[in-house]
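Residue 220 in the working numbering sits at position 196 of the sequence shown, and the numbers go up by one each step.
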Amino acid sequence: MQECRQAQGGEGDRRRHEAREAHEVAAGRERGRLRSLRADGRLRLLDPLELRLDLSTERDARTSDAFASRSYDIRSQTAEPTLAWTPTPAVTLSGGFAYGRKENSTAIEGQATGATVFRLPLDARFAIARRLQLTARVERSNVAVEGGSATGLAAFELTDGRGAGTSYLWGGTLQYSINAFLRASATYDGRAPAEAPPLHTVRMQVTAVF
C-alpha cells in the first residue's frame, strides 16, 4: 500500500510492506516473515531549508527448526527527523538524528532482549557539470543492548549490524556519466565498530544502459 498527500508546502508518503521466506540450510529449515509500515513527511521552512520526518514500525520474525539461537521475533519503532539545506540545485547538505527501539519477544536465556539505537548522520551531495555527482556520509551511532549477550543472529538484527557500544560509519560515492549509455561509479565505505578494527571497502562499477 502506498499513499501520498500534499498540502501547504508539505507532502507525505505512507508505505506498507510484507515479505515471507522459507529455505533449507545445512542445519535444517528456516522460515522468516517481515512486516513494516513507513511514513515520511516533508515541510519547506524557507526556500533553501526543508524539514523531513521519517517514522517506521516493523516486525521481523524468524524460526529455525534446529537452533533456538537463530529464532527471534523483533518489533521495532524508529523516528528520524532531518534538516536539509539546498543553497543551489547542485548542492544539498543534511543532518539530523535517529532514535530506534527494538525488543525481542522470544529471547531465550542469555540472549539479548532489546536494544536502543541512537544515530547522528550527516550527508552531502554535490553535482558538477551534470555528468559528475559526489555523495558523502558520516554517521556516529550508539547502541545499548539489554538482557544478554550482544552476539548471534538476534543481536545482529537488534543492533542493525553495528554491535553494542559506539561505532562510526563514513563513506562516499562518485558517479560519472561517460555518455548516454555508459555510467561509471566508485564507492568507498568505512566502518569502525566499538570492539573491532576498522573495516574499509572499495567498489568500482561500469554500467551500460540500452
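Here a beta-carbon is modelled for each residue, glycine too, at the ideal position from N, C-alpha and C. From a predicted model like this one, the values you see are computed outputs, not experimental measurements.
{"Check": "Between which residues of its own chain and R125 is the CB-CB distance below 7 Å, once the five residues before and five after are set aside?", "Outcome": "S100, Q101 and T140"}
{"Check": "Name the residue from Q157, L75, G138 and E74 whose alpha carbon lies nearest to the alpha carbon of G196.", "Outcome": "Q157"}
{"Check": "So for Q32, helix, strand or coil by DSSP?", "Outcome": "Here the model assigns Q32 a pLDDT of 44, short of 50, so the residue's position is not dependable, and the following value carries that caveat. Of the three classes helix, strand and coil, the one that applies to Q32 here is coil, per DSSP."}
{"Check": "Determine whether the beta carbon atoms of A188 and V162 lie at a separation below 8 Å.", "Outcome": "no"}
{"Check": "So, is T225 buried or exposed, given that buried needs 16 or more other C-beta atoms within 10 angstroms?", "Outcome": "exposed"}
{"Check": "Quick check: L117 and A148, are their CB atoms within less than 8 Å of each other?", "Outcome": "yes"}
{"Check": "DSSP on A153, reduced to helix/strand/coil?", "Outcome": "coil"}
{"Check": "Using three-state DSSP, classify A90 as helix, strand or coil.", "Outcome": "coil"}
{"Check": "Would you tell me roughly how many angstroms separate the C-alpha atoms of S165 and T190, rounded to the nearest one?", "Outcome": "6 Å"}
{"Check": "Thinking C-alpha only, which one of D84, E104, R39 and T106 is nearest Y96?", "Outcome": "D84"}
{"Check": "For Q135, does the count of other Cβ atoms within 10 angstroms reach 16, so buried, or fall short, so exposed?", "Outcome": "buried"}
{"Check": "Measure the C-alpha to C-alpha separation of Y212 and M228 and round it to an integer number of angstroms.", "Outcome": "9 Å"}
{"Check": "Kindly indicate the opening and closing residues of the beta strand (DSSP E) around L107.", "Outcome": "Y96 to T112"}
{"Check": "Which of the three DSSP states, helix, strand or coil, is assigned to F142?", "Outcome": "strand"}
{"Check": "Starting from E181, follow its DSSP beta bridges and name the residues at the other end.", "Outcome": "Partner(s): none; E181 has no beta bridge."}
{"Check": "Is it buried or exposed, I98, if we count other Cβ atoms within 10 angstroms and call 16 or more buried?", "Outcome": "buried"}
{"Check": "Strictly under 8 Å for the Cβ-Cβ distance: is A216 near chain C by that measure?", "Outcome": "The chain labelled as chain C is not found in the depicted structure, where only one protein chain is given."}
{"Check": "What did DSSP end up calling E27 once you bin it into helix, strand or coil?", "Outcome": "The pLDDT assigned to E27 is 39, lower than 50, so where the model puts this residue is not dependable, and the model offers no usable value."}
{"Check": "Give the DSSP-derived three-state secondary structure of T190 in the structure shown.", "Outcome": "strand"}
{"Check": "Return the CA-CA distance between A153 and E104, expressed in angstroms with no decimal places.", "Outcome": "32 Å"}
{"Check": "Can you pull the DSSP bridge partners for V230?", "Outcome": "A208"}
{"Check": "From A218, G176, W109 and A160, pick the residue whose C-alpha is nearest to that of D71; which is it?", "Outcome": "W109"}
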